[in-house]
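Sequences listed follow chains A and B, in order. Residue 1 is where the first sequence starts when you use the numbering used here, and the numbers rise one by one after that. Residue 305 is where the second sequence starts when you use the numbering used here, and the numbers rise one by one after that. Ideal Cβ positions, reconstructed from N, Cα and C, are used throughout, including at glycine. Model, not experiment: these values are computed from the prediction.
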Amino acid sequence: MKAPGAATASSSFLAAGMARPGAMLAGLVLALIAIAASFAPLIAPQNPFDLTSFDVLDANLPPAWLPGSDPRFVLGTDAQGRDLFSAILYGTRISLLVGLLAVAIQAAIGIPLGLFAGYLGGRIDTIVTRLADIQLSLSTLMMAIIVLALFRAGLGGESLSQFAVPLLVVVIGLAEWPYFARTARAATQVESAKDYIRAARALGASDRTVLRRHLLPNITSPLIVVATTQVAGAIMAEAALSFLGLGMSVTKPSLGTLIRSGYDLLFSGAWWGTVIPGLVLVVVLIAVNLIGDALRDALDPRLR
Amino acid sequence: MKALVAGLTFFAKRLAQALLVMLAILGIAFAVRSALGDPLREIMGEAVPASERAALKEQLGLDAPWPVQLARYLGDAARGDFGTSYIYKRPTLDVILAKFPASFELVFAASLIVLALSLPAGIYCAVRPRDWGAKLVLGLSILGISIPVFLTGIFLISIFSVWLGWLPAFGRGETLRLGAWETGLLTLDGLWHLILPALTLSSIMLPLFIRLVRGAMLDELGRDYVRTARAKGAGHLRVWLRHALRNALLPLVAVGGLQIGTFLAYTLLTETVFQWPGMGFLFLEAVTRADVPLITTYLVAVGFLFVVTNTIADIVSLWLDPRISIEAT
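Encoded structure:
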């Protein structure tokens, strides 16, 4: 038995894109960046994580359209002679990876909690709602800064950089589950009152079946909207943490790390090292946010 | 009379809650200190023979069981003694308090900009939602939300400091001492240095507040009392400002108060970009140099700010809106 609503959700995604050329363009740009980042090892002219592959003699070269540039380095090089284009490709890969994994953790915690709270109600509902309120009152970014700062102070910068990816994913992932829980809870409450759920229960379906086969497929639309905005938030949080020197290390830079190390050279005139990765980050974030807004408009019937 | 008693009970309850949270924060700070810190290093430095260290350890009571040490830590904290900074060789609380004016003045300047712009912009977007101006403001606010605060700072510095050379890019400039308070607001140079950091910090708060003001106003404008006021012949401006805005301020205060942690994080990022010698910048210095007493004292200070703001936001909500049921909280 196919749950109703699942098919209409995917077709309204397309409709949403068609109706909004801005969102369509954003989707296209994002897809392009994501593909380039995923295939970074095939596209990048250099491996930016391999210190032996670049030469200090190439340090601080400007991008190709400026005088004094070297055609081998389209976007110029950093202070170690690392090709900025390659570093940005690999860095975007890390930023997207951390963002997506962190949101996966948020969803894995938040959606079941929200489903149970909305479906079972009563005491469980009260506890989940209260926990969500407490978690949200603690600012994610501030908590992440403090937790990573303590790790850094305790382990030292060296060991922190070894565990940077899992640490960032867990810290950003654990903090924001309430957004998924709240949305899942509200949507579950609405759906639970509908006839098809009552019918399923009357026919003897277990709670487990009702939740997995009937409720979950019908609350995906609002959850996808939340996931989109959360990805933007997670990417931004990772960039901020890495910029502060609490995230990815200089040897394995994400976009935030690149902005940070480029920033040190800004005053000597080498603006490209910080401005170009910064622009890439902004383009990614704007694209994700535009898509999120368009999805919300298209999928949230309350806003129509 | 009954309401007064209920109000006082709420107040007392909220205060007890705040104290409990503060105690928990101190407990965490103590745990971090015991796990990461070496109190002997605070006093003797690194190059001291092991026998001498052991002797001093016993003398200071550092081999006591942890509940005793926790009690001692809390007792010291109550007297304002949070230990000595490794880097500055001074009491940590003094070090942090000395940096407070810098952070405060930055946040103050940014808040003024946010207040001056978000109220008119938010109200405009709520009362004239179909104007192209309102759409432009909302579009720009999506853009503003999408640019991380440290990047706004870097872009502003690239344009106004590096490229045009108009504005200074780091530090507070010339400051004046007024007793214990070191201010940059009274010198031309200090104000000059404040422009870019304050603009940067306000850029990230502005979109959020415009959306908040707009949302709160839209909620209020749809209510019956607004229609009644209109029916009685009240003018547009009067309805917007005297009636709707007044009630819209309540959710603003509540939400704004809850965002304090996020604003502290934004301030820390802004301070890092502009090397603004405030509390956040100090904290990161402490982290890089593993100054554990300074780190834990900063934790306590931030926790304190957080608890105070949340408590005040709760009490102000109650005061602004007597309809909030006291029993429910």
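In chain order, what residues of the same chain lie with their CB nearer than 7 Å to the CB of Leu211 (chain A), ignoring the 5 residues before and after it? Annotation for Leu211 (chain A): Leu115, Tyr119 place their beta carbon closer than 7 Å to its own, counting only its chain and skipping 5 residues before and after.
Can the beta-carbon of Leu575 (chain B) be found closer than 8 Å to that of Gly488 (chain B)? Sequence check: residue 575 (chain B) is Glu here, not Leu. It is not a contact, given that the beta carbons lie outside the stated cut-off.
Length at least 4, wholly inside the segment 215-283 of chain A: the alpha helix (DSSP H) runs in chain order: Positions of the alpha helix (DSSP H) runs, each at least 4 residues long and wholly inside the segment 215-283 of chain A, are given as 220-243, 255-263 in order along the chain.
Starting from Arg481 (chain B), follow the alpha helix (DSSP H) in both directions and report where the run begins and ends. In the DSSP assignment, Arg481 (chain B) falls outside any alpha helix (DSSP H) and lies within the beta strand (DSSP E) extending over 480-482.
Could you please give me the residues that DSSP links to Asp83 (chain A) through a beta bridge? The partner list for Asp83 (chain A) (beta bridge, DSSP) reads A:Thr77.
Output, in sequence order along the chain, the residues in the segment 123-144 of chain A whose CB is closer than 9 Å to any CB in chain B. Under the 9 Å Cβ criterion, the segment 123-144 of chain A contributes Leu136, Ser137, Leu138, Ser139, Thr140, Leu141, Met142, Met143, Ala144.
Rounded to the nearest angstrom, what separates Gly443 (chain B) and Ile449 (chain B) at their Cα positions? Between the C-alpha atoms of Gly443 (chain B) and Ile449 (chain B) there is a straight-line separation of about 10 Å.
Using DSSP bridges, identify the partner residues of Thr532 (chain B). For Thr532 (chain B), which the question treats as bridged, DSSP gives no partner whatsoever.
When you compare only the Cα positions, how much space is there between Thr615 (chain B) and Ala320 (chain B)? Just so you know, the alpha carbons of Thr615 (chain B) and Ala320 (chain B) end up roughly 10 Å apart.
Residues of chain B with CB under 8 Å from Leu150 (chain A), in chain order? By Cβ distance, chain B contributes Val336, Leu340, Ile599.
Run through DSSP, which three-state label would Trp370 (chain B) get? Helix, per DSSP.
Taking 8 Å as the threshold (beta carbon to beta carbon), is Phe243 (chain A) in contact with chain B? Nearest CB-CB separation between Phe243 (chain A) and chain B: below the 8 Å threshold.
DSSP state of Trp623 (chain B), grouped into three classes? In the structure shown, Trp623 (chain B) sits in a helix (DSSP, three-state: H, G or I).
Could you tell me which chain B residues have their CB closer than 8 Å to the CB of Ile259 (chain A), listed as they occur along the chain? Simply Phe454, Leu455, Ile458.
Output needed for Tyr392 (chain B): all residues of its chain with C-beta closer than 6 Å, excluding positions within five of it in sequence on either side, in chain order. Cβ neighbours of Tyr392 (chain B) within its own chain (closer than 6 Å, five residues either side excluded): Val399.
Taking all protein chains shown into account, decide if Ile127 (chain A) is buried (16 or more other Cβ within 10 angstroms of its Cβ) or exposed. Exposed.
Counting contacts by CB-CB distance shorter than 8 Å, is Val441 (chain B) in contact with chain A? No, no contact with chain A.
Can you name the start and end residues of the beta strand (DSSP E) that Thr487 (chain B) belongs to? Looking at the DSSP string, the run of the beta strand (DSSP E) that includes Thr487 (chain B) is 485-487.
With a Cβ-Cβ cutoff of 8 Å, do Gly437 (chain B) and Val577 (chain B) count as a contact? Their beta carbons are not under 8 Å apart, which means Gly437 (chain B) does not touch Val577 (chain B) by this criterion.
Is Thr576 (chain B) close to chain A? Criterion is C-beta to C-beta, closer than 8 Å. Thr576 (chain B) belongs to the set of residues whose beta carbon lies under 8 Å from a beta carbon in chain A.
Starting from the beta carbon of Ala569 (chain B), find every residue of chain A whose beta carbon is closer than 7 Å, and list them in chain order. Per Cβ cutoff of 7 Å: Ser139, Leu141, Met142, Ile145.
CA-to-CA distance, Gly584 (chain B) to Leu573 (chain B), given in whole angstroms: Between Leu573 (chain B) and Gly584 (chain B), the C-alpha separation is close to 8 Å.
Close Cβ partners of Leu96 (chain A) (< 6 Å) along its chain, the five nearest in sequence each way excluded: Cβ neighbours of Leu96 (chain A) beyond the five flanking positions: Ala37.
Within this structure, are the beta carbons of Asp83 (chain A) and Pro45 (chain A) separated by less than 8 Å? The Cβ-Cβ distance between Asp83 (chain A) and Pro45 (chain A) falls below 8 Å.
Pick from B:Val453, B:Pro433, B:Pro369, B:Glu486 that is closest to Ala402 (chain B), judged by C-alpha positions: Of the candidates B:Val453, B:Pro433, B:Pro369, B:Glu486, the residue whose Cα lies closest to the Cα of Ala402 (chain B) is B:Glu486.
Can you tell me whether Ile88 (chain A) is buried or exposed, with buried defined as 16 or more other CB within 10 angstroms of its CB? Result: buried.
Thr613 (chain B) (DSSP reduced to helix, strand or coil): Assignment of Thr613 (chain B) by DSSP, reduced to helix, strand and coil, places it in the helix class.
Which complete alpha helix (DSSP H) runs does the segment 15-43 of chain A hold, if anything under 4 residues is left out? For the alpha helix (DSSP H) assignment, the uninterrupted runs of no fewer than 4 residues enclosed by the segment 15-43 of chain A are, from N- to C-terminal side, 21-38, 40-43.
Would the segment 473-484 of chain B and the segment 378-398 of chain B be scored as touching if the rule is three or more Cβ pairs under 8 Å? Using a Cβ-Cβ distance cut-off of 8 Å, the segment 473-484 of chain B and the segment 378-398 of chain B are not in contact, since fewer than three pairs of beta carbons, one from each stretch, lie closer than that value.
Within a Cβ cutoff of 7 Å, which residues of the same chain sit near Ala287 (chain A), ignoring the five residues on either side of it in sequence? Closer than 7 Å at the Cβ level, and outside the excluded window around Ala287 (chain A), lie Ala26, Val29, Leu30.
Start and end of the alpha helix (DSSP H) containing Pro511 (chain B)? 492-525 is the extent of the alpha helix (DSSP H) around Pro511 (chain B).
Taking the Cβ atom as the reference point for each residue, do Ala358 (chain B) and Gly154 (chain A) lie within a distance shorter than 8 Å? Not closer than 8 Å, so no.
At a CB distance below 7 Å, what residues from the segment 148-178 of chain A approach chain B? Give them in sequence order. Listed by position, the residues of the segment 148-178 of chain A near chain B (Cβ gap below 7 Å) are Ala149, Leu150, Arg152, Ala153, Gly154.
Output, in chain order, the set of chain B residues within a Cβ distance shorter than 7 Å of Trp271 (chain A). Chain B residues near Trp271 (chain A): Ser462, Val466.
Hey, how far is the Cα of Arg531 (chain B) from the Cα of Arg434 (chain B)? Each residue's alpha carbon lies about 20 Å from the other.
Could you check how far apart the C-beta atoms of Ile461 (chain B) and Leu266 (chain A) are, in whole angstroms? I think they sit under 8 Å. That belief holds up - the Cβ atoms of Ile461 (chain B) and Leu266 (chain A) are roughly 7 Å apart, short of 8 Å.
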